[in-house]
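Student:
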């Protein structure tokens, strides 16, 4: 879930079990730390909102 200053993210395995759940600031460095542990072939869902920068960056990588 994205908010103006904070993101709440949950990583699930293929069975839907929670692997990781965390809160972090909506800053590029924080997003990079979050996604570096996720395999490249993973599917990512982001709540629709006006803060699209992280999604744009993930799409390019």
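In my numbering, the protein residues as written are 1 to 61.
From the three backbone atoms N, C-alpha and C, an ideal C-beta is built for every residue, glycine too.
In this text, all values refer to a predicted model and were calculated from it rather than measured experimentally.
(1) Whole angstroms are fine: how far does the CA of residue 18 sit from the CA of residue 45?
(2) What is the C-beta distance between residue 38 and residue 11, in whole angstroms, given that I count them as a contact (C-beta under 8 Å)?
(3) Assuming residue 9 and residue 28 are in contact, meaning their beta carbons sit under 8 Å apart, how far apart are those beta carbons, in whole angstroms?
(4) Just how far apart, CA to CA, sit residue 1 and residue 25?
(5) Taking the alpha-carbon positions, what's the residue 43 to residue 32 distance?
Tutor: Looking at the coordinates:
(1) Working through the chain shown from its first residue, we reach residue 45 at position 45. Working through the chain shown from its first residue, we reach residue 18 at position 18. For residue 45 and residue 18, the distance between alpha carbons rounds to 15 Å.
(2) Position 38 of the chain shown, counting from 1, holds the residue named residue 38. Position 11 of the chain shown, counting from 1, holds the residue named residue 11. Confirmed, about 6 Å.
(3) Translated into the one-based positions of the chain shown, residue 9 becomes position 9. Translated into the one-based positions of the chain shown, residue 28 becomes position 28. About 15 Å; that fails the 8 Å criterion.
(4) In the chain shown, the residue the question calls residue 1 occupies position 1. In the chain shown, the residue the question calls residue 25 occupies position 25. Because the pLDDT at residue 1 is just 49, under 50, the model does not fix this residue reliably, and the value given afterwards should be weighed accordingly. Their Cα atoms are separated by approximately 12 Å.
(5) Counted from its first residue, the chain shown places residue 43 at position 43. Counted from its first residue, the chain shown places residue 32 at position 32. Their backbone Cα atoms lie some 16 Å apart in a straight line.
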